[in-house]
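Structure record follows, encoded as structure tokens.
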Amino acid sequence: MMRAILLVFLLLTNVLYCGGDDYVDEGYREFLTEKEALEWGNSWLRGSIFSDDEKEVILKYSKTSWTFNEKLRGGEKFENLPQEEQELIKRLDKAVGKFPLFEKLYLFRYVNLDVLASMYGWGALGGTYEEYEESDSLGIKHKKIKFNKKIKDLLKDIKKRRYIDPGFMSTTMVKDAVFGGRPIELKIKIPVYTTGLFIARDGYTFFIKECEILFPRNRTLFFEGYSLSEDGSRLTLYAKMKGPWWYVKDDKK
């Protein structure tokens, strides 16, 4: 019943809002500092109520997200997962899908080659990058990659591509706040009324500085373009998350 009331409220708000003169000019908000992001996130969910069960499963995801996403992203069907894992995922589904965003946002996600491979296939990536090693401040070597000019040929049709994440999608509100060393940056437009959950709060995460907003499973990203850093170490894909099915105007390409 409460969900139905909320949906009617949002639909009415949407109709009134879309009729406003400032709709076309409204931009996407980008957070420049951790302080700004955390203040906004806490304001968004101020007064929201989560059960102890929901807090527990959110905190578990924060600590071991791979236990939720590994099999989902590996192609296993949800109904084929062990019953215990299904229940864990359902609990997180419920917690993450409770609250809509009331502002358009730019969020970031840092990934390896898997996103490109899911759209083009691993074979198509051959010859588009070189691997090398880089030592950190402790002298530990890490494998890195740099893209070359061939990646531009591959991405000529990027605007025709879409990516569906079968797992829960973690994003950060601040550029390079987490996993910034990964070679691919997704800069994502999040439409208003998209459901998600700000988890960078005490009792919900072990890593508040990551400024994380978590999205439900099976989010779809449409791509609008890309840019490549001069040295080839950072490929940025500009994307837009598919919004609510009923928010047609904002969800158009």
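Residues in the sequence shown are numbered consecutively from 1, following full-length UniProt numbering. Built from N, CA and C at the ideal position, the CB exists for glycine as well.
Taking a contact to mean a Cβ-Cβ separation below 8 Å, would you say residue i touches residue j in this structure?
{"i": "Phe-68", "j": "Leu-186", "result": "no"}
{"i": "Thr-33", "j": "Val-174", "result": "yes"}
{"i": "Ile-199", "j": "Leu-221", "result": "no"}
{"i": "Ser-48", "j": "Phe-102", "result": "no"}
Do you know whose CA, among the options, lies nearest residue i's CA?
{"i": "Lys-149", "options": "Arg-29, Asn-42, Ser-227", "result": "Ser-227"}
{"i": "Ile-184", "options": "Ser-65, Gly-232, Glu-70, Phe-198", "result": "Gly-232"}
{"i": "Ile-158", "options": "Gly-196, Leu-116, Thr-194", "result": "Leu-116"}
{"i": "Phe-78", "options": "Asn-218, Thr-171, Glu-224", "result": "Asn-218"}
{"i": "Cys-210", "options": "Gly-139, Lys-143, Tyr-110", "result": "According to the sequence shown, residue 210 is Glu rather than Cys. Looking at the Cα atoms, Tyr-110 is the closest of the given residues."}
{"i": "Thr-236", "options": "Thr-205, Gly-180, Trp-245", "result": "Gly-180"}
{"i": "Asn-112", "options": "Tyr-106, Lys-146, Leu-138, Ser-137", "result": "Lys-146"}
{"i": "Arg-201", "options": "Pro-82, Glu-84, Glu-39", "result": "Glu-39"}
Count the other CB atoms, across all protein chains shown, that sit within 10 Å of the CB of residue i; report buried if there are 16 or more and exposed otherwise.
{"i": "Ala-37", "result": "buried"}
{"i": "Lys-35", "result": "exposed"}
{"i": "Gly-167", "result": "buried"}
So, at 7 Å on beta carbons, what are the nonlocal neighbours of residue i in its own chain, with the 5 sequence-adjacent residues on each side left out?
{"i": "Asp-25", "result": "At Asp-25 the pLDDT is 37, less than 50, meaning the model places this residue with poor confidence and gives no usable figure here."}
{"i": "Trp-44", "result": "Phe-198"}
If I measure Cβ to Cβ from residue i and keep anything under 6 Å in the same chain, skipping five residues before and after, which residues do I get?
{"i": "Val-96", "result": "Leu-197, Leu-214, Pro-216"}
{"i": "Gly-127", "result": "Lys-150"}
{"i": "Phe-31", "result": "Ala-37, Met-173, Val-174"}
{"i": "Phe-206", "result": "Ser-62, Lys-63"}
{"i": "Asp-136", "result": "none"}
Below 8 Å CB to CB, which residues in the same chain sit around residue i once its five sequence neighbours on both sides are set aside?
{"i": "Ser-118", "result": "Tyr-163"}
{"i": "Leu-57", "result": "A small fix is needed here, since residue 57 is Val in this sequence, not Leu. The answer, listed in chain order, is Leu-88, Arg-91, Leu-92, Ala-95."}
{"i": "Lys-71", "result": "Leu-81, Glu-85"}
{"i": "Glu-133", "result": "Lys-141, His-142, Lys-143, Lys-144"}
*Identify every run of the alpha helix (DSSP H) within the segment 129-177, keeping only runs that are complete inside it and at least 4 residues long; order them along the chain.*
150-154
*Could I get the ranges of all uninterrupted alpha helix (DSSP H) runs contained in the segment 73-131, with 4 residues as the minimum, in chain order?*
83-96, 114-120, 122-125
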